Amino acid sequence: METWKIKPVFDRKKKATPEKSAKVEIEIQFSRTERKWISTDIELYSNQWDGEFVVRHAKFKELNRAITKHIKKFEDIIKNIRREGKDINLKNFNIFYNEKHVKSKSSFLDFAYDELQRRDLKWSTKRAHLIALEALKRSGAIKTFDDITPENIALFDRFIRREDPTRGQTTIHGYHKRIKPYINEALRLGLIEDTPYRVFKDKHGRYKTRQPLTMDELQSIRNIELNDRQLQKVRDQFIFQCYTGLSWVDLYMFDYDRCTVEHNGVAYIDGERIKTGTKFYTPILTPAMEILKKYDYKFTVPTVQSFNRSLKIIAELIGLKKPLTSHIARHTFATTVVLANDVPIETLSKMLGHTKVSVTQVYAKILNSSVEKHAEKLNSII
Numbered sequence: 001m002e003t004w005k006i007k008p009v010f011d012r013k014k015k016a017t018p019e020k021s022a023k024v025e026i027e028i029q030f031s032r033t034e035r036k037w038i039s040t041d042i043e044l045y046s047n048q049w050d051g052e053f054v055v056r057h058a059k060f061k062e063l064n065r066a067i068t069k070h071i072k073k074f075e076d077i078i079k080n081i082r083r084e085g086k087d088i089n090l091k092n093f094n095i096f097y098n099e100k101h102v103k104s105k106s107s108f109l110d111f112a113y114d115e116l117q118r119r120d121l122k123w124s125t126k127r128a129h130l131i132a133l134e135a136l137k138r139s140g141a142i143k144t145f146d147d148i149t150p151e152n153i154a155l156f157d158r159f160i161r162r163e164d165p166t167r168g169q170t171t172i173h174g175y176h177k178r179i180k181p182y183i184n185e186a187l188r189l190g191l192i193e194d195t196p197y198r199v200f201k202d203k204h205g206r207y208k209t210r211q212p213l214t215m216d217e218l219q220s221i222r223n224i225e226l227n228d229r230q231l232q233k234v235r236d237q238f239i240f241q242c243y244t245g246l247s248w249v250d251l252y253m254f255d256y257d258r259c260t261v262e263h264n265g266v267a268y269i270d271g272e273r274i275k276t277g278t279k280f281y282t283p284i285l286t287p288a289m290e291i292l293k294k295y296d297y298k299f300t301v302p303t304v305q306s307f308n309r310s311l312k313i314i315a316e317l318i319g320l321k322k323p324l325t326s327h328i329a330r331h332t333f334a335t336t337v338v339l340a341n342d343v344p345i346e347t348l349s350k351m352l353g354h355t356k357v358s359v360t361q362v363y364a365k366i367l368n369s370s371v372e373k374h375a376e377k378l379n380s381i382i
């Protein structure tokens, strides 16, 4: 029959007075001869303790909650001992307590990196998770399991906002969303006691409407003289994106010999999106083919961060006021290159690798020039 008991004990050595403080400890009794006392680091004066509770203290509610939390932690250790089929005694408690204590001091980041490698994720998803974990590492907010608190999640949130002030709320939410699975897994394994996201709430935010380039802006980028070779390469690869609809990751993985087919003298990219695994089929239009020939049908694509930094420089050089990123190329292809030339949205959907036209509509913006062109057509009919 189990006889263990857990209770808070104040001033075990009987030294406290109204002027001299003493600590609260948690007493774990396994039998009449086996006991263990663990300090809570809560110090009180003799008139601030009433049997099992803190009283007459400015933070008495907070301190009583902390004591309850300590007791629950030790109860969980005893439950784990029972679950393993072992005797509940001082020796086994010390073994399990020390294991949990060591785990609490060990690296959460190492745990998360190991979990990331273990999980069966698409390459693009795994890369996004790695970016979030690297940002968490740079922030220094969370290192061990003990560091996983609402306060430290708030520190991480402030860090990613300060690190790049251009990050919108949807991007910030994405960072939190990608570290949550590893915190939840640590919770499931009993490495932490609660998720900090029960207290810290990160908002989804609203997606910013991305502005595609107009044909004039696209031509300005094509025609600008660049002396820097890296800027030249990024500019050319961006133009290739604008005339094929490839995302950065699909451009990065693009292999002409493996990914293209020819029909009636026109080359097509016939492949699968890295992000979603869906099939897409898009022509390599003349401006894109010219760039391929210039680089002997092979691209060396930099990281997306480096790619976008170079595009930002190019935007400044031509005086472009709207944001210029790799993803804008895909929107430009959909809107300025395809829809503006009266290609049906269903065809565009196949080019972009979308399974639903509703997804394509997010990319497809109707330009004023398209409205004007069709207005002229309507006037000639009416």
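Going by full-length UniProt numbering, the sequence shown runs without a break in its numbering and finishes at 382.
Ideal Cβ positions, reconstructed from N, Cα and C, are used throughout, including at glycine.
Treat the numbers as computed from the prediction; the structure is a model and nothing was measured.
Residue burial classification, residue i (beta-carbon count within 10 angstroms, cutoff 16)
i: residue 227; result: exposed
i: residue 215; result: exposed
i: residue 224; result: exposed
i: residue 8; result: buried
i: residue 165; result: exposed
i: residue 308; result: buried
i: residue 251; result: buried
i: residue 212; result: buried
i: residue 343; result: exposed
i: residue 318; result: exposed
i: residue 217; result: buried
i: residue 235; result: buried
i: residue 277; result: exposed
For residue i, the three-state DSSP class (helix, strand or coil)
i: residue 52; result: coil
i: residue 344; result: coil
i: residue 211; result: coil
i: residue 39; result: strand
i: residue 270; result: strand
i: residue 25; result: strand
i: residue 126; result: helix
i: residue 261; result: strand
i: residue 283; result: strand
Chain-order list of residues whose beta-carbon lies under 6 Å from that of residue i (same chain, five-residue window excluded)
i: residue 349; result: 357 and 360
i: residue 288; result: 240, 243 and 244
i: residue 351; result: 245 and 282
i: residue 187; result: 195
Own chain residues within Cβ distance below 7 Å of residue i, not counting five before or after
i: residue 39; result: 23 and 25
i: residue 12; result: 25 and 37
i: residue 48; result: 54, 55, 56 and 57
Distance between beta carbons of residue j and residue i, contact taken as under 8 Å
i: residue 247; j: residue 275; result: 7 Å
i: residue 152; j: residue 141; result: 5 Å
i: residue 176; j: residue 205; result: So it is not a contact: roughly 11 Å between Cβ atoms.
i: residue 145; j: residue 192; result: 5 Å
i: residue 353; j: residue 273; result: 4 Å
i: residue 210; j: residue 327; result: 7 Å
Neighbourhood of residue i by C-beta distance below 8 Å, restricted to the same chain and skipping five residues each side
i: residue 160; result: 135, 139, 167, 172 and 175
i: residue 18; result: 45, 46 and 47
Whole alpha helix (DSSP H) runs in the region 83–117 with 4 or more residues, listed along the chain?
90–105
With a floor of 4 residues, list each alpha helix (DSSP H) that falls wholly inside the region 177–241, ordered by position along the chain.
215–223
Quick check on the DSSP output: what are the complete alpha helix (DSSP H) runs of length 4 or more inside the region 313–357, in order along the chain?
326–332 and 345–352
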